[in-house]
Every structure is written in C-alpha cells, then in structure tokens.
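> Taking the UniProt record's numbering, the leading residue of the sequence shown gets 1, the next gets one more, and so forth. Every residue gets a Cβ at the ideal spot worked out from N, C-alpha and C, and that includes glycine. Keep in mind it's a predicted model, so treat the numbers as computed, not measured.
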Amino acid sequence: MTGLITFNTLKHYLPAIKALIAENQLTDSDHLRSALLPLGASQMDIYTGALDIEQIVDEVERWLRANGLSDQPAFAAWLTRQNGYGAVTLSDGSCWVLRLSLPPAFVHLHPGRYSPHTFRAKANQLKTAIAALIISRQQNQPISLPEVNNVRTQILGLSPIKALTDHGEIRKLLSLLTA
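1. Less than 8 Å between the CB atoms is what I'm expecting for L10 and L39, so what's the real figure, rounded?
2. Kindly list the residues whose CB is nearer than 7 Å to the CB of residue 180, restricted to its own chain and excluding five residues on each side of it in sequence; keep chain order.
3. Count the other CB atoms within 10 Å of the CB of I17; is the residue buried (16 or more) or exposed (fewer)?
4. Does the Cβ-Cβ distance between A129 and I46 come in under 7 Å?
5. Exposed or buried, Q125, counting other C-beta atoms within 10 Å across all chains shown (16 or more means buried)?
6. Distance check for F119 and M1, CA to CA, integer angstroms please.
7. Just checking, does the stretch 53-63 make contact with the stretch 85-102 on the three C-beta pairs under 8 Å criterion?
8. Identify the residues that DSSP records as bridge partners of R120: which are they?
9. Is the beta carbon of H110 less than 7 Å from the beta carbon of T6?
10. For S34, which option in L174, A76 and G157 has the closest C-alpha, if you only look at C-alpha atoms?
11. Could you tell me if residue 182 is buried or exposed, where buried requires 16 or more neighbouring beta carbons within 10 angstroms of its beta carbon?
12. With a threshold of 16 other CB atoms inside 10 Å of the CB of residue 214, please say whether the residue is buried or exposed.
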C-alpha cells in the first residue's frame, strides 16, 4: 500500500484470502490462529470484483487528490463534516468506505456494506472456513463435520456445530473460497 491508505486485504479482498489458503504454509495451530486473528470477531464485507488491489488504491488516491483530500488534515476535516466516514464509488460500481486510519497512513479503506461485488461474512464463520480448507488441503482429505468441529474447538476456541447443513454461511464460504 501507499503511505495514504491502509487496506486489510485478508479481511476485505477475496483473492488475498484464497492466496492464504493456497499457500498452505500455516502448519500448526498457533500459526493458523495468529494468521486469522486480524479477522476480528464481527462482520465484514469482502470484495469479489475484478479490480486488483493496485487499481482499487489508485482509484481511491485519484479521488482523494481530485477532491483536495490527499493530506491528513484536509481528510480528517472532511470526515468530521461527514460524521466520521465517507464513501467513493469505483469504476466497477463498487462502493468503498473511507475512515481515519492510524499513522503512518491516514485513510482506512474497506468495501461498503452490501456494495456491488461484495458479500458480507461473519468473522467466526470465515475463520472456520479458511482454517478447515487449509487443514483439509494439508491432510489431502475432504472437509468433514468432525474436521470443522476440530478447527472450531481446538484452533479457534469456538463451539462445535451439529451439522454443516445447519450452517449455510460456512458452506457458502467454503464454496466461494474454493471457486
């Protein structure tokens, strides 16, 4: 990223999530748990569109410059007038939210809620899907309910589920992450 923008790709960019799974480098529970920690515990919107990270950042930076918001004081003042956040629509129609970031960058960027080319996910379901996929690939076995529950209880500290069919969001995430 540039000096202006903070963008958590693991939390908001589908290709980055898929790359983490494909790398298959998280070989123990502690590393896997640590890698998934930035996903937090609430909900997030994940961009699935065609723009790559550089295009997203470039379009946002151009918008900031065109609107006189490419320095921290101007951006912070604008956000104050906007009740703490602003939005920009990119060339593919996706909407992105701009907030104040911690230094050294000053723009925190994430997809807008229910924006085109995004889906909304709960953090614990996303963590479950990512960890289950990584482990199933390491063991060269299909994902099963016992493996999902092992991930949830032993790695993520979550409660087990009764059936994958009861958790449509986990199944949907597994499908999106393997597509």
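Here's the rundown:
1. 7 Å
2. Absent from the structure is residue 180, since the part of the chain shown begins at 1 and ends at 179.
3. buried
4. The answer is no: Cβ separation not under 7 Å.
5. buried
6. With a pLDDT of 39 at M1, under the threshold of 50, the modelled position of that residue is not reliable, and the figure given next carries that caveat. Near 23 Å, if we compare the C-alpha coordinates of F119 and M1.
7. Yes, the stretch 53-63 touches the stretch 85-102.
8. D45
9. Not a contact, by the Cβ cut-off of 7 Å.
10. G157
11. The displayed coordinates of the chain run from 1 to 179. Any statement about residue 182 would go beyond what the structure contains.
12. One cannot answer for residue 214 here, as it falls past the ends of the chain, which runs 1 to 179.
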